[in-house]
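The structure appears below as structure tokens.
In this note's numbering, the protein residues as written are 2 to 327.
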């Protein structure tokens, strides 16, 4: 487990030979903000950084803190990443104009109020998906799927292609194959554990292609053409003092919580130093191995089939609503 001093020293050596393209989904607040600012500082502004989220004012304020350099290019891209149907519009625009993506950090979040969490109350989106899982899992997954070609272009050029999915690696739980949508599952901690296993499994698809017996569909075929040599990491950041936390948790947890700035250092360290494939990393960027792991071949196949089904259903419903044929 590296110390913060070691992490900072390592990050300070980061000097990519070409101008990297880095996308931060959820980069307008919290962990995403801290990671983006740390990234910009250590590359000394020599990067194309894209903050994706809903709050333009927050993004512009963050971008104003980035160092300026001749090769600097900073921008905000609007996307409401709580609805699956919104993702293709954003990703298609990025695919059309970006030459590559070297670094993709996914930290978009949505937490219920403390009282709702205690009572187990879910808030469902227009696509009839629990908002928390829609943001943390389904929409993020679609975002990665769509941008695989740009990650591949980075690899083709001999450059880094690294994805960091901020979740709760190491805190997984067993899943119920008969209730993949968790409609019959109760208990906040149980649902959290299942969602963590889902994140583990979908990141592993980048390494293990779905079997030939899996249900064929376009999304699966795209992800099956994974990016050799790339990293698709699932990381647990620990308790971080972010605006996303319920106010009571922020007050009580502040003495023990990591600041956004320090968390940004750890997240960048994990992003740059995780091994190729689908590593699971802890709050200091350390490799978790099999701690809290409930995945495996069958789990991966089941989660992947469920995920693609949910995504396709949402996209089909969205197309029908807009009058687009699918």
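C-beta atoms are modelled at their ideal positions from N, C-alpha and C, and glycine is treated no differently. All figures in this text were calculated on a predicted structure; none of them were measured in a lab.
Less than 7 Å separates the beta-carbon of residue 281 from that of residue 170. In the DSSP assignment, the residues bridged to residue 165 are 106 and 234. Secondary structure at residue 57: helix, using DSSP grouped into helix, strand and coil. Per DSSP, residue 176 lies in no beta strand (DSSP E) and is assigned neither H nor E.
Residue 282 has 236 and 288 as its beta-bridge partners, per DSSP. Taking C-beta atoms under 8 Å as the contact rule, residue 126 and residue 152 fail to qualify, at a distance of about 27 Å. The closest CA to that of residue 172, considering only 266, 109 and 293, is found on 293. Residues of the same chain with a CB within less than 7 Å of the CB of residue 198, apart from the 5 flanking positions on each side, are 173, 174, 176, 295, 296 and 300 in chain order. Rounded to the nearest angstrom, the gap between the Cα atoms of residue 100 and residue 154 is 7 Å. The Cβ atoms of residue 96 and residue 53 do not sit closer than 7 Å to each other. Look at residue 124 here: in three-state DSSP terms it is coil, with no helix or strand label. Of the candidates 160, 82 and 165, the residue whose Cα lies closest to the Cα of residue 135 is 82. Following the DSSP letters along the chain, one finds residue 25 inside the beta strand (DSSP E) bounded by residues 22-26. Assigned with DSSP and collapsed to three states, residue 76 falls in strand. Taking residue 146 as reference, the option from 228, 240, 196 and 194 with the minimal CA-CA separation is 228. Residue 59 has its alpha-carbon roughly 18 Å from the corresponding atom of residue 42.
Selection 253, 130 and 165 evaluated against residue 310 yields 130 as nearest (Cα-Cα). For the options 57, 144 and 164, the alpha carbon positioned closest to that of residue 90 is the one of 144. Relative to the Cα of residue 67, the nearest Cα in the group 57, 50 and 79 belongs to 50. Burial is judged here by how many other beta carbons sit within 10 angstroms of a residue's own beta carbon; residue 40 has at least 16 and is buried. With a cut-off of 8 Å on Cβ pairs, the region 254-272 is in contact with the region 235-243, counting three or more such pairs. When only Cα atoms are considered, residue 288 and residue 88 end up about 30 Å apart. Judged by DSSP in its simplified three-state form, residue 51 adopts strand. From the listed residues 302, 64 and 86, the smallest Cα separation to residue 316 is found for 86. It is roughly 20 Å from the alpha-carbon of residue 160 to the alpha-carbon of residue 204. For the pair residue 285 and residue 2, the CB atoms are nearer than the 7 Å cut-off.
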